[in-house]
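Each residue of the sequence shown is one higher than the one before, counting from 1 in full-length UniProt numbering. Note that CB positions come from ideal geometry on N, CA and C, so glycine has one too.
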Amino acid sequence: MSDMEDHTHDGDNQNTMAFMDTATGSDTPPNERSTPLPTGWRQYKHPNGDVYFYHQGFRLITPDNIRDPDILEYVFDARDHQLDGLLNDSTAQNLPEDYEMIIMEANDETAMIQMLSREQGVAFEWTEDGGLMMESSLSYWSLIAEYPSHFPILPPRIEDEFLSSLQNARLSIATGTRFVYTELEIDRIYARYQYLNDLRSQGRNSTPSIAWLIGSVMPLDELGRRVNDEQMAALINGLHF
Numbered sequence: 001m002s003d004m005e006d007h008t009h010d011g012d013n014q015n016t017m018a019f020m021d022t023a024t025g026s027d028t029p030p031n032e033r034s035t036p037l038p039t040g041w042r043q044y045k046h047p048n049g050d051v052y053f054y055h056q057g058f059r060l061i062t063p064d065n066i067r068d069p070d071i072l073e074y075v076f077d078a079r080d081h082q083l084d085g086l087l088n089d090s091t092a093q094n095l096p097e098d099y100e101m102i103i104m105e106a107n108d109e110t111a112m113i114q115m116l117s118r119e120q121g122v123a124f125e126w127t128e129d130g131g132l133m134m135e136s137s138l139s140y141w142s143l144i145a146e147y148p149s150h151f152p153i154l155p156p157r158i159e160d161e162f163l164s165s166l167q168n169a170r171l172s173i174a175t176g177t178r179f180v181y182t183e184l185e186i187d188r189i190y191a192r193y194q195y196l197n198d199l200r201s202q203g204r205n206s207t208p209s210i211a212w213l214i215g216s217v218m219p220l221d222e223l224g225r226r227v228n229d230e231q232m233a234a235l236i237n238g239l240h241f
């Protein structure tokens, strides 16, 4: 919590949950690609081609175009307001030390803010009225899928959890349980993971694609979400591998 004190700047479709876009950022406009990034920021490319920005010192993520000075100021203002609230809220003591803050759609009035602990596998939200609240596991996995490229390694335990979930899914389908994916789709998801894992073992940087895949299909259970057909095709076929 030490950095709180630093304010420097139809049929099957009926069972398909709408899947949020896995990258809220958009590709950098051509006329802005030559604009230097503000100090401390790095740009990362999502496996689907979109970009987002990360400030390692502040553990701050945003898909907003922080090359624009006004937007950068909005992002920092939103961060400062969030840190002020956390600093004066006793419930914030439960926030893990490794948390990252995600700020989206920042403007001169509002911003969307979430927080994520990769070590604990949890997403958080803070509001003035409700204090610090743990979000659903779906929120956590969605954030892993949305921002997969700025860490060289995967969050702890997620591969084991993913593989265990795939095995449980196969068992559920074999016993006749109505499941969010078909057996063929489960096999395709596993085959894609194996392919990306083999690339990683050969020294290729497939970690972002693995994180995108896992984050997009988890939590994998009969009550979970289902990736739509277009998203599934992108995950399985890949854009860069």
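So, are the CB atoms of residue i and residue j less than 7 Å apart?
{"i": "A123", "j": "L154", "result": "no"}
{"i": "G131", "j": "D80", "result": "no"}
{"i": "M112", "j": "M101", "result": "no"}
{"i": "A106", "j": "Y74", "result": "yes"}
{"i": "I158", "j": "A169", "result": "no"}
{"i": "M39", "j": "I103", "result": "Rather than Met, the amino acid found at residue 39 in this sequence is Thr. No; because the gap between Cβ atoms is not below 7 Å, this pair is not in contact."}
{"i": "Y190", "j": "L220", "result": "no"}
{"i": "H46", "j": "S206", "result": "no"}
{"i": "E125", "j": "E135", "result": "yes"}
{"i": "L196", "j": "I173", "result": "no"}
{"i": "L72", "j": "I66", "result": "yes"}
Is residue i helix, strand or coil by DSSP?
{"i": "residue 247", "result": "Residue 247 falls outside the range modelled here, since the chain spans only 1 to 241, and no answer is possible."}
{"i": "S117", "result": "strand"}
{"i": "A145", "result": "helix"}
{"i": "L163", "result": "helix"}
{"i": "A106", "result": "coil"}
{"i": "residue 282", "result": "For the chain, the structure presents residues 1 to 241; residue 282 sits outside this window and is missing."}
{"i": "A169", "result": "helix"}
{"i": "T35", "result": "coil"}
{"i": "residue 242", "result": "What is shown of the chain runs 1 to 241, which leaves residue 242 out entirely."}
{"i": "G40", "result": "coil"}
{"i": "G131", "result": "strand"}
{"i": "A174", "result": "helix"}
Since I believe residue j is in contact with residue i (beta carbons under 8 Å), could you give me their beta-carbon distance rounded to a whole number of angstroms?
{"i": "Q43", "j": "F53", "result": "6 Å"}
{"i": "G121", "j": "Y140", "result": "6 Å"}
Grab the span of the alpha helix (DSSP H) containing residue i for me, first residue to last.
{"i": "A211", "result": "207–217"}
{"i": "Y195", "result": "183–201"}
Would you give the residue range spanned by the beta strand (DSSP E) that residue i belongs to?
{"i": "I61", "result": "60–62"}
{"i": "F124", "result": "122–127"}
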